[in-house]
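Visitor: In terms of my numbering, the sequence shown is residues 1 to 260. Glycine included, each C-beta is placed from N, C-alpha and C at the ideal position. Only a predicted model underlies this, so the values are computations on that prediction, with no experimental measurement involved. Before I ask anything, let me first share the structure, which is written out below as C-alpha cells.
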Amino acid sequence: MTPDALMAAWLERQLPPEAADWVLTQRERLRAGVSERDFNLAVSWTPRRLGKADLALGPDDLAAAGAARRGWDPRGWTVDQAGRLVLLLADGLDGPAFAARLRSLLATADLSETITFLRGLPLYPDPASHLMRAREGARSGMRPIFEAVAHANPYPAEMFDEAGWNQLVLKALFIETTLAPIQDLDRRANPTLMRMLCNYAHERWAAGRPVSPELWRCVGPFADGAAREDLARVLRTGGDAERAAALAAMDAAPARAAAE
1 MTPDALMAAW
11 LERQLPPEAA
21 DWVLTQRERL
31 RAGVSERDFN
41 LAVSWTPRRL
51 GKADLALGPD
61 DLAAAGAARR
71 GWDPRGWTVD
81 QAGRLVLLLA
91 DGLDGPAFAA
101 RLRSLLATAD
111 LSETITFLRG
121 LPLYPDPASH
131 LMRAREGARS
141 GMRPIFEAVA
151 HANPYPAEMF
161 DEAGWNQLVL
171 KALFIETTLA
181 PIQDLDRRAN
191 PTLMRMLCNY
201 AHERWAAGRP
211 VSPELWRCVG
221 PFADGAARED
231 LARVLRTGGD
241 AERAAALAAM
251 DAAPARAAAE
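The structure is reproduced here in C-alpha cells:
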C-alpha cells in the first residue's frame, strides 16, 4: 500500500464519519483535477474539518508505514497533518510540477503548515528536487521547523551531502534539541563532523557553558588523539550522564579501528 493510501485508511478508521467523508471526497476531487485555488482551499480547510488530534497508530500501522516507505516514521503526527499530505499527494503530480507546488506552499505556509510539508519530505516524488526546501528547514532557528526535517525523518540521511549533514547535527546541538531522533546518526558520522563537534565543545567550555552528552556519540568512532584528550577531560570533570557518554565514545573508537 502506498503512503497516501495508508494515511487515508488511518483517517477513515479514526475520524468521525463526516470528517472522514470530507477528506476522502476531497482526495477524489483532486485526483479528478481541480484548480490550484481549489487545491489550496482544501489544504487550508483541513484542520477545521478534521481537527488536530494525534494520529492513533499501533505497532501494525508503524510496520506498514516502514514497509510502504523505508524509514517513514509517522509517530507524533496529527490527523490534520496526515490529511493535508493525503491531499498533497492525491493528484499524482510528476517531479517538477510537484516541486513547484511544494515550493509555492512553503512560501506562504504558517508554522503548522510548514511542519506538515517538511515532515512529508520522504513521501514526495523526485526527492532530489526538494533538497533546497529541506536545507532551508534544517537551517531554521525555529526548533519545530528544524525538528520537522531532522527528527524521525529519513530524508536528511539519504539526501544531504556530508557538509549539509554535518551542519544539521551541529545545528541540533546549537538550538539544544536532541540528537537521538535523527535517523542514521551513527551511519553518517564522519571525521570532519568529529572535529567540528570537538571544536564546538571547546567553544562551550571556554564560555563556561555545558556540553550535551549526546555530542560525544558522533565523536567516538573517529576520535583522534585530540578528541581522546577531550573525552578524558569529560571523564575527569563531567557529571554522570557526561561520563557515561564519554565512556561509550571511547569504547566506540577502538571498535571502529579494529573493524578497519
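1. Would you decide whether Pro221 is buried or exposed? Buried here means 16 or more other CB atoms lie within 10 Å of its CB.
2. Between the alpha carbons of Ala259 and Pro127, how many angstroms are there, rounded?
3. Looking at the secondary structure, which residues open and close the alpha helix (DSSP H) in which Thr116 lies?
4. How long is the line joining the alpha carbons of Lys171 and Arg139, rounded to whole angstroms?
5. In terms of residues, what are the limits of the alpha helix (DSSP H) holding Arg236?
6. Which one or two residues does DSSP pair with Asp54 in a beta bridge?
7. Compare the C-alpha of Lys52 against each of Gly225, Gly71, Gln81 and name the closest.
8. Use the C-beta contact count for Leu11: other C-beta atoms within 10 angstroms, 16 or more gives buried, fewer gives exposed.
9. What does the alpha-carbon distance come out to for the pair Ala56 and Pro17?
10. Buried or exposed: Thr114, going by 16 or more other Cβ atoms within 10 Å of its Cβ?
11. Identify the continuous alpha helix (DSSP H) that holds His202 and give its terminal residues.
12. How would you label Asp73, buried or exposed, when you count the other beta carbons within 10 angstroms and need 16 or more for buried?
13. Have a look at Pro181 and Gly76 and give me their C-alpha separation to the nearest angstrom.
14. Give the straight-line distance between the Cα atoms of Ala257 and Gly33, rounded to the nearest whole angstrom.
15. Do the CB positions of Thr192 and Asn166 come within less than 8 angstroms of each other?
16. Taking Ala252 as the reference, which of Arg243, Leu102, Cys218, Glu229 has the closest Cα?
Guide: Put simply:
1. In the sequence shown, residue 221 corresponds to position 221, counting from 1. Under this definition Pro221 is a buried residue.
2. What you label residue 259 is simply residue 259 of the sequence shown in a count that begins at 1. What you label residue 127 is simply residue 127 of the sequence shown in a count that begins at 1. Confidence in Ala259 is poor, its pLDDT being 42 and thus under 50, which makes the residue's placement unreliable; the coordinate value appears in the next sentence. Taking the straight line joining both Cα atoms gives about 33 angstroms.
3. Position 116 of the sequence shown, counted from the start, is the residue given in the question as residue 116. Note, Thr116: alpha helix (DSSP H), 111–119.
4. Here residue 171 refers to the residue found at position 171 when the sequence shown is read from its first residue. Here residue 139 refers to the residue found at position 139 when the sequence shown is read from its first residue. So the alpha carbons of these two residues sit roughly 7 angstroms apart.
5. As a first step, residue 236 must be located in the sequence shown, where it is residue number 236. Arg236: member of the alpha helix (DSSP H) spanning 225–237, first to last residue.
6. Locating residue 54 in the sequence shown gives position 54, counting from the first residue. Paired residue(s): Thr78.
7. As a working note, residue 52 is residue 52 in the sequence shown. Residue Gln81 is the option with its Cα nearest to Lys52.
8. If you number the sequence shown from 1, residue 11 lands on position 11. Leu11 comes out buried.
9. If you number the sequence shown from 1, residue 56 lands on position 56. If you number the sequence shown from 1, residue 17 lands on position 17. Rounded to whole angstroms, Ala56 to Pro17 spans 16 angstroms at the Cα level.
10. Residue 114 sits at position 114 when you count from the first residue of the sequence shown. Buried.
11. Here residue 202 refers to the residue found at position 202 of the sequence shown. First-last of the alpha helix (DSSP H) with His202: 191–206.
12. As a first step, residue 73 must be located in the sequence shown, where it is residue number 73. Counting Cβ neighbours within 10 Å, Asp73 comes out buried, since at least 16 surround it.
13. In the sequence shown, residue 181 corresponds to position 181, counting from 1. In the sequence shown, residue 76 corresponds to position 76, counting from 1. Going from the Cα of Pro181 to the Cα of Gly76 covers about 12 angstroms.
14. For the purposes of this step, residue 257 is taken as residue 257 along the sequence shown, with counting starting at 1. For the purposes of this step, residue 33 is taken as residue 33 along the sequence shown, with counting starting at 1. With a pLDDT of only 40 at Ala257, under 50, the local geometry of the prediction cannot be trusted, and no value is derived from it.
15. Translated into positions along the sequence shown, residue 192 becomes position 192. Translated into positions along the sequence shown, residue 166 becomes position 166. Yes, they are a contact pair.
16. By one-based count along the sequence shown, residue 252 stands at place 252. Cα-wise, what sits closest to Ala252 is Cys218.
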